[in-house]
Amino acid sequence: MANSATIKRSGIVLRVTPLKEADAMVNAIDESGVFSFYAHGIKKLASKNASSVSELCLSDFVLNESSSGSLTLKEGNGQQILVKDGDLLAISTAGFLSELTKNLFFEGFDDFNPEIYAWFKASLLALKAGADPLTVGLIYFAHALSFAGYGLDVNQCVNCGAKKNIVAISYADGGYICNDCFDAEEDTKTPLLQLKILRYVFCCGKEDISRIAFEDKDLYPIYDGLEQYLLEATGLKLKTLEFLKKI
Ligand SMILES: [Zn+2]
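Right under this line is the structure:
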């Protein structure tokens, strides 16, 4: 008989993929990283564990770990749903944060840091509490890129290190460009407000997540830039981000 151990983990459900006979595969995240487990009979009406494996629910899980390391749900208790009821933009933004997190910090991601989970949870709580969805989404987007090793240098010109006369963001070069290094034939200048927003979203702390609401029209060009940057750096194209920009 195979040995199995029981472990406890508390985390947030990222995705539930239905399988045969009311079973499901569940992806979740906690302070140790993204993990997945098999949940038997979770789609049955009588399942007592069903509410704990709703997407974006913060839950306590008791899991059986097989000798090969695969996990199966034994018992789940939902603590709190981290989604704001009835607010389409907040719900869609939460969905984007979830898809981004699941893909960027995939199971087995080497440099996982508990701060990633803390930022994810804080961002979802801010959305639930009514903070501006697109601002919260962009702040998390920027920090997630940084945690994944794709941060942009928004402290100085990436080419010469100058801190003054910054005139553009170059996603291809990975950061700010100063006026001396700006190539009018290759690049276009970035409006000053967008440069400031970029610096804010990459550099602010967790306590600043709900402090500011930028205007949507100033945020969309940055979403477009980061979306293209994400695609070129990682190959990831997120369905939820496409949807978010259409609302
Ligand atoms: Zn320069």
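Numbering of the sequence shown is given in the numbering used here, commencing with residue 612 and proceeding in unit increments.
For glycine and all other residues, C-beta sits at the position ideal for the given N, C-alpha and C.
Three-pair Cβ contact test at 8 Å for the segment 716–733 versus the segment 800–820 | yes
Nearest residue (CA-CA) to residue 747, options 650, 654 and 830 = Here residue 747 corresponds to residue number 136 of the sequence shown, with the count starting at 1. For the residues 650, 654 and 830, the minimum Cα distance to residue 747 belongs to 830.
Residue from 666, 634 and 795 with nearest C-alpha to residue 657 = As a working note, residue 657 is residue 46 in the sequence shown. When only C-alpha atoms are compared, the closest one is 634.
Taking only the alpha-carbon atoms, compute the straight-line gap between residue 749 and residue 851 and give it to the nearest angstrom.
-> Taking the sequence shown and counting its residues from 1, the one referred to as residue 749 is at position 138. Taking the sequence shown and counting its residues from 1, the one referred to as residue 851 is at position 240. Each residue's alpha carbon lies about 13 Å from the other.
Bridge partner(s) assigned by DSSP for residue 666 | Numbered from its first residue, the sequence shown carries residue 666 at position 55. Looking at the DSSP assignment, residue 666 forms no beta bridge with any residue, so it has no partner.
Euclidean distance between Cα positions of residue 676 and residue 683 = Locating residue 676 in the sequence shown gives position 65, where the first residue counts as 1. Locating residue 683 in the sequence shown gives position 72, where the first residue counts as 1. Their Cα atoms are separated by approximately 7 Å.
Helix, strand or coil at residue 653 [DSSP, three-state] = Numbered from 1 along the sequence shown, position 42 holds the residue referred to as residue 653. Residue 653 falls in the coil class under three-state DSSP.
What three-state label does DSSP hand residue 629 in the structure shown?
-> The residue given as residue 629 occupies position 18 in the sequence shown. Strand at residue 629.
Compute every distance between the C-beta of residue 770 and the non-hydrogen atoms of ligand 1, then say whether any falls below 7 Å.
-> For the purposes of this step, residue 770 is identified with residue 159 of the sequence shown, where counting begins at 1. Residue 770 Cβ: within cutoff of ligand 1.
If you draw a straight line from the C-alpha of residue 720 to the C-alpha of residue 756, how long is it?
-> On the sequence shown, residue 720 is found 109 positions in, with the first residue counted as 1. On the sequence shown, residue 756 is found 145 positions in, with the first residue counted as 1. Approximately 14 Å, taken between the alpha carbons.
Provide the residue(s) that pair with residue 827 in DSSP beta bridges, ordered along the chain.
-> What you label residue 827 is simply residue 216 of the sequence shown in a count that begins at 1. BP columns for residue 827 are empty, so no partner.
Report yes if the C-beta of residue 798 is less than 7 Å from at least one heavy atom of ligand 1; otherwise report no.
-> The sequence position of residue 798 within the sequence shown is 187, counting from 1. Residue 798 Cβ: outside cutoff for every heavy atom of ligand 1.
Indicate, with yes or no, if ligand 1 has a heavy atom lying under 7 Å from the CB of residue 791.
-> To locate residue 791, count along the sequence shown from 1; it is residue 180. Within the cutoff, so yes.
Measuring CA to CA, which of 615, 837 and 846 is closest to residue 753?
-> In the sequence shown, the residue the question calls residue 753 occupies position 142. That would be 837, whose Cα lies nearest to the Cα of residue 753.
Leaving out five residues before and five after residue 764 in sequence, what residues of the same chain have Cβ atoms less than 7 Å from its Cβ?
-> Locating residue 764 in the sequence shown gives position 153, where the first residue counts as 1. Within the same chain, residue 764 has close Cβ partners 785, 786 and 787.
Within 10 angstroms of the Cβ of residue 695, are there 16 or more other Cβ atoms? Answer buried if so, exposed if not.
-> The residue labelled residue 695 in the question sits at position 84 within the sequence shown. By the neighbour-count definition (other C-beta atoms within 10 Å, threshold 16), residue 695 is a buried residue.
Going by DSSP, name the residue or residues bridged to residue 619.
-> On the sequence shown, residue 619 is found 8 positions in, with the first residue counted as 1. In the DSSP output, where bridge partners are listed per residue, residue 619 has 673.
In the DSSP assignment, find the unbroken alpha helix (DSSP H) run with residue 814 in it and report its ends.
-> Translated into positions along the sequence shown, residue 814 becomes position 203. Looking at the DSSP string, the run of the alpha helix (DSSP H) that includes residue 814 is 803–814.
Given residue 654, which residues of its chain have a CB within under 7 Å of its CB, disregarding the five upstream and five downstream residues?
-> Start at 1 with the first residue of the sequence shown, and residue 654 comes out as number 43. Cβ neighbours of residue 654 within its own chain (closer than 7 Å, five residues either side excluded): 629, 633 and 635.
Given residue 771, which residues of its chain have a CB within under 8 Å of its CB, disregarding the five upstream and five downstream residues?
-> The residue given as residue 771 occupies position 160 in the sequence shown. 789, 791 and 792.
Roughly how many angstroms separate the alpha carbons of residue 827 and residue 745, rounded to a whole number?
-> Working through the sequence shown from its first residue, we reach residue 827 at position 216. Working through the sequence shown from its first residue, we reach residue 745 at position 134. Spanning the two alpha carbons is a distance of roughly 7 Å.
What is the rounded straight-line gap between the Cα of residue 620 and the Cα of residue 809?
-> Reading the sequence shown from its first residue, position 9 is the one you call residue 620. Reading the sequence shown from its first residue, position 198 is the one you call residue 809. Computed Cα separation, rounded: 35 Å.
Residue from 708, 652 and 699 whose Cα sits closest to the Cα of residue 687 | Taking the sequence shown and counting its residues from 1, the one referred to as residue 687 is at position 76. With distances taken between Cα atoms, residue 687 lies closest to 652.
Based on the DSSP secondary-structure assignment, which residues constitute the bridge partners of residue 792?
-> For the purposes of this step, residue 792 is identified with residue 181 of the sequence shown, where counting begins at 1. Residue pairing by DSSP places residue 792 in no beta bridge whatsoever.
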